[in-house]
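Notes for the one structure printed next.
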Amino acid sequence: MKENIIKVENLSKSFDISSKDPGLKGTIKHFFKRETKNIKVIKNITFNIKKGEIVGFLGANGAGKTTILKMLCGLIYPSEGKLAVAGYLPYKRKTNFLNNITLIMGQKQQLIWDLPPIESFYLNAAIYDLEKFEAKRRIRKLAEMLEIDKELYIPVRKLSLGQRMKAELLAALIHKPNILFLDEPTLGLDINAQRNLRKFLQTYNKETNATICLTSHYMKDITSLCKRVICIHKGCITYDGKLEKLLKRISPVKDLLIICKTDKDAKELCNLGFAIKNKNQKEITITIKNDAINFTLKEILNKFDIEDLYINEPPIDEIIGNILVKEKV
Amino acid sequence: MSNLNRHKIITLLKVQYSNMLEYRVEIALWAISGIIPFFMLNIWTNNNLNESINLSNTMLSRYFLSAFFVRQFSVVWVVFTFEEDALLGKISPYLLQPLNPFFRYFAQHLAEQITRLPFAIIIALIFFLFNKESFWIPSLGIFLLSCLATFFSFLIQFLIQSIIACLCFWTEKASSIERLLFIPTLFLSGLLAPVISFPEYVRSWIYITPFPYLIDFPANLLSGNKTNLISGLLMQIFWISVLFPVFKKTWSMGTKKYTAMGS
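Taken in order, these protein sequences are the chains called A and B. Take the first sequence: its letters are residues 1 to 329, numbered as in the working numbering. Take the second sequence: its letters are residues 330 to 592, numbered as in the working numbering.
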């Protein structure tokens with residue numbers, strides 16, 4: 001049985017947030033007396049993550065996903081609760097702990113803007129005490145995997161967003177971390193770049209058995225990388241388990257697209273009492289519960305002359321979009 | 330804090346120097362903008378003010394040229410870059426590396442000083458062209474001690490600004506606090522006038538602050554003017570050893586307040 005590499009128990013985080021009324025009156029009042037509210041953004045969450053797992057954190061904007069990642073990697077201090085990552089208290093930021101982790105934020109960069117990425121890679125290699133030869137070997141390997149060999153010597157400011165993101169990834173992985181915290185790593189990338197990045201992360205996970213904690217608004221990132229998801233709503237965990245199970249629970253239906261041979265059949269089919277989602281001449285889409293699929297298919301095939309038939313899952317974005325705003329899953 | 334070694338230091342300096350070379354024109358302009366001591370020299374000599382402090386024109390010229398050099402190699406701007414980085418959350422990735430982010434800023438300053446060197450030498454040569462009688466070559470010992478005193482001056486200013494920079498974990502606009510120090514630094518450091526020109530009772534107060542050890546002491550040492558070498562160096566070391574633990578404490582307290590805004 002795999003060990004838990006991340007242990008979180010009753011973890012909470014509060015921030016003091018000041019508020020200001022609009023207008024001049026509000027500004028003057030704010031100048032003399034600042035009103036601050038203590039807001040609990042993470043509320044007593046508990047979960048464990050096993051070594052080598054890829055876990056996706058799902059939630060709407062402001063749900064608390066990034067705050068959780070920031071606490072897990074040691075960037076911010078928790079207000080209450082227990083937290084251990086690879087046996088360390090993250091916020092102490094001990095050297096051995098930092099050598100084991102990395103944080104990649106889609107909207108933040110660590111590469112030196114006016115220099116080619118290779119300079120930042122050498123700097124990071126030195127910071128992590130890597131031998132020159134070993135650093136070169138790792139840079140070569142990661143550059144091949146990320147397909148950015150040619151961009152290593154071009155100033156960062158001249159690289160495209162996708163190339164820059166790959167370079168950021170290389171800079172963040174040069175020390176071979178065992179735990180990766182990825183906060184929207186595919187933000188702003190085109191579809192090809194997103195796919196390549198996902199492929200790279202899968203390979204990295206497979207080759208190094210690294211644990212990956214990921215937040216993303218691109219559902220494809222979650223569905224292709226994560227078997228397990230943790231749903232966050234207003235700082236609380238609303239679901240923690242397999243993605244597959246969640247999708248089944250949330251969406252126990254399938255769409256059936258039936259193309260009839262004649263208009264008459266199409267008309268009759270519509271009158272059978274199915275939940276019709278869409279109708280376009282001879283093409284009818286009906287929604288059926290998963291457990292009624294066999295029976296319904298038999299009935300339709302026996303009664304009508306069918307030209308073609310497709311069984312579709314409802315769009316994942318639609319399903320997950322619904323989860324994000326629910327307090328209980 | 331972090332385990333620095335030779336390889337880390339050299340790589341940090343090399344990378345930051347490459348970065349600074351990208352801004353060489355900007356740095357040249359900064360070097361030129363630091364010629365305030367030459368304006369002050371002009372004011373002093375044209376009004377024969379040097380007689381009141383028993384300094385010849387030549388020695389005064391050397392003092393202000395030395396002040397220019399000391400200033401060139403002790404300019405600190407960490408508070409501004411750090412504040413921006415902290416407020417925009419740019420320091421987040423650096424905080425998760427086994428090297429205190431201030432080493433990056435420190436290396437940036439050193440790299441900038443190396444980039445400034447040729448421009449400072451050119452300005453000095455032009456100065457000597459118009460003030461031939463002021464030309465002098467200090468002894469190797471004095472030169473090395475002046476370099477050490479200038480480095481200490483840089484360290485004091487770097488620590489003061491770093492402490493103020495850490496306050497941005499609480500106040501967000503810490504650089505405004507730094508501006509409070511601008512006037513005393515300008516007047517009491519010896520940039521506008523040698524500290525010796527102040528009345529004696531004022532001087533006795535000035536010497537217990539860190540300001541005269543920023544410009545006046547290293548500039549007097551380099552120019553060959555009368556100065557107390559041992560007491561000057563000891564006072565510099567005293568201020569460094571007072572400021573360093575304050576910085577460490579402010580840093581460790583400040584990072585606990587860090588909210589990684591902007592991400």
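Ideal Cβ positions, reconstructed from N, Cα and C, are used throughout, including at glycine.
For the beta strand (DSSP E) containing residue i, name the first residue and the last one.
i, result
"B:Met-349", "Taken as a continuous stretch (DSSP letters only), B:Met-349 belongs to no beta strand (DSSP E), being part of the alpha helix (DSSP H) at 335 to 350."
"B:Val-404", "B:Val-404 -> no beta strand (DSSP E), and no H or E assigned at all."
"A:Arg-228", "228 to 233"
"A:Ile-286", "283 to 289"
"A:Ile-101", "101 to 105"
"A:Leu-309", "306 to 312"
Assuming residue i is part of the alpha helix (DSSP H), what are its boundary residues?
i, result
"A:Ser-160", "A:Ser-160 -> no alpha helix (DSSP H), and no H or E assigned at all."
"A:Tyr-122", "117 to 127"
"A:Ala-143", "132 to 146"
"B:Ile-493", "469 to 495"
"B:Tyr-423", "421 to 424"
"A:Glu-268", "263 to 270"
"A:Asn-294", "293 to 303"
"A:Lys-220", "219 to 225"
"A:Glu-244", "243 to 250"
"A:Lys-279", "Not the alpha helix (DSSP H): A:Lys-279 falls in the beta strand (DSSP E), residues 275 to 280."
"A:Lys-70", "65 to 73"
"A:Phe-97", "95 to 98"
Are the beta-carbon atoms belonging to residue i and residue j less than 8 Å from one another?
i, j, result
"A:Lys-282", "A:Ile-306", "no"
"A:Tyr-310", "A:Leu-269", "no"
"A:Tyr-204", "A:Ile-174", "no"
"A:Ile-118", "A:Leu-225", "no"
"A:Val-85", "A:Leu-72", "yes"
"B:Ile-452", "B:Tyr-346", "no"
"B:Phe-367", "B:Phe-393", "yes"
"A:Thr-285", "A:Lys-277", "yes"
"B:Gln-401", "B:Ala-440", "no"
"A:Ala-172", "A:Ile-104", "yes"
"B:Ala-494", "B:Val-408", "yes"
"B:Gly-418", "B:Phe-397", "no"
"A:Leu-75", "B:Ala-357", "no"
"A:Asp-330", "A:Thr-211", "For residue 330 of chain A there is no data in the structure shown, the boundaries of chain A being 1 and 329."
"A:Ile-5", "A:Lys-43", "no"
"A:Gly-162", "A:Asp-190", "yes"
"B:Phe-431", "B:Ser-491", "yes"
"B:Ala-415", "B:Phe-480", "no"
"A:Lys-261", "A:Leu-243", "no"
"A:Asp-221", "A:Phe-47", "no"
"A:Ile-237", "A:Lys-65", "no"
"A:Asn-290", "A:Val-229", "no"
"A:Asn-209", "A:Gly-87", "no"
"B:Gly-561", "B:Pro-467", "no"
With DSSP as the reference, identify every bridge partner of residue i, one or two as the case may be.
i, result
"A:Lys-7", "A:Asn-48, A:Ala-84"
"B:Tyr-587", "For B:Tyr-587, which the question treats as bridged, DSSP gives no partner whatsoever."
"B:Ala-357", "Its beta-bridge partners do not exist; DSSP assigns none."
"B:His-438", "DSSP, once it has assigned bridges, lists no residue as partnering B:His-438."
"A:Gln-213", "This sequence places Cys at residue 213 of chain A; Gln is not what is there. Paired residue(s): A:Val-55, A:Phe-181."
"A:Thr-36", "A:Ser-18"
"A:Leu-256", "A:Ile-286, A:Ile-311"
"A:Asp-240", "A:Ile-230"
"A:Lys-13", "A:Ile-42"
Between the region 538 to 554 of chain B and the region 507 to 519 of chain B, do at least 3 Cβ pairs fall closer than 8 Å?
In short, these stretches touch, since the Cβ pair count reaches three.
Does the region 73 to 87 of chain A come close enough to the region 3 to 16 of chain A to have 3 or more Cβ pairs within less than 8 Å?
When C-beta atoms of the region 73 to 87 of chain A are compared with those of the region 3 to 16 of chain A, three or more pairs fall below 8 Å, so the two segments count as touching.
Whole beta strand (DSSP E) elements within the region 165 to 207 of chain A, 3-residue minimum
Whole beta strand (DSSP E) segments, 3+ residues: 179 to 183.
Extract the residue ranges of the alpha helix (DSSP H) inside the region 501 to 576 of chain B, only unbroken runs of 4 or more that lie entirely within it.
Restricting attention to alpha helix (DSSP H) runs no shorter than 4 residues, the region 501 to 576 of chain B encloses them at 504 to 509, 511 to 517, 529 to 535, 545 to 552, ordered along the chain.
Cβ contact check for the region 442 to 452 of chain B and the region 420 to 427 of chain B: 3 or more pairs under 8 Å:
In short, these stretches do not touch, since the Cβ pair count stays below three.
Can at least three beta-carbon pairs, one atom from the region 213 to 226 of chain A and one from the region 131 to 148 of chain A, be found at a separation below 8 Å?
Counting Cβ pairs under 8 Å, fewer than three are found: no touch.
Check whether the region 478 to 493 of chain B touches the region 569 to 582 of chain B, taking contact to mean three or more Cβ pairs, one atom from each stretch, closer than 8 Å.
The way I'd put it, the region 478 to 493 of chain B does touch the region 569 to 582 of chain B; three or more beta-carbon pairs between them come closer than 8 Å.
With three or more C-beta pairs closer than 8 Å as the rule, is the region 11 to 29 of chain A touching the region 180 to 188 of chain A?
Segments in contact, no.
Whether or not the region 146 to 157 of chain A and the region 455 to 469 of chain B are in contact is what I'm after, with contact meaning three or more pairs of Cβ atoms, one per stretch, closer than 8 Å; do they touch?
Contact between the region 455 to 469 of chain B and the region 146 to 157 of chain A is absent, because fewer than three Cβ pairs lie under 8 Å.
Cβ contact check for the region 29 to 43 of chain A and the region 378 to 393 of chain B: 3 or more pairs under 8 Å
No contact exists between the region 29 to 43 of chain A and the region 378 to 393 of chain B.
Which parts of the region 373 to 406 of chain B are runs of the alpha helix (DSSP H), unbroken and 4 residues or longer, counting only runs that do not cross its ends?
Within the region 373 to 406 of chain B, the complete alpha helix (DSSP H) segments of 4 residues or longer fall at 386 to 401, listed in chain order.
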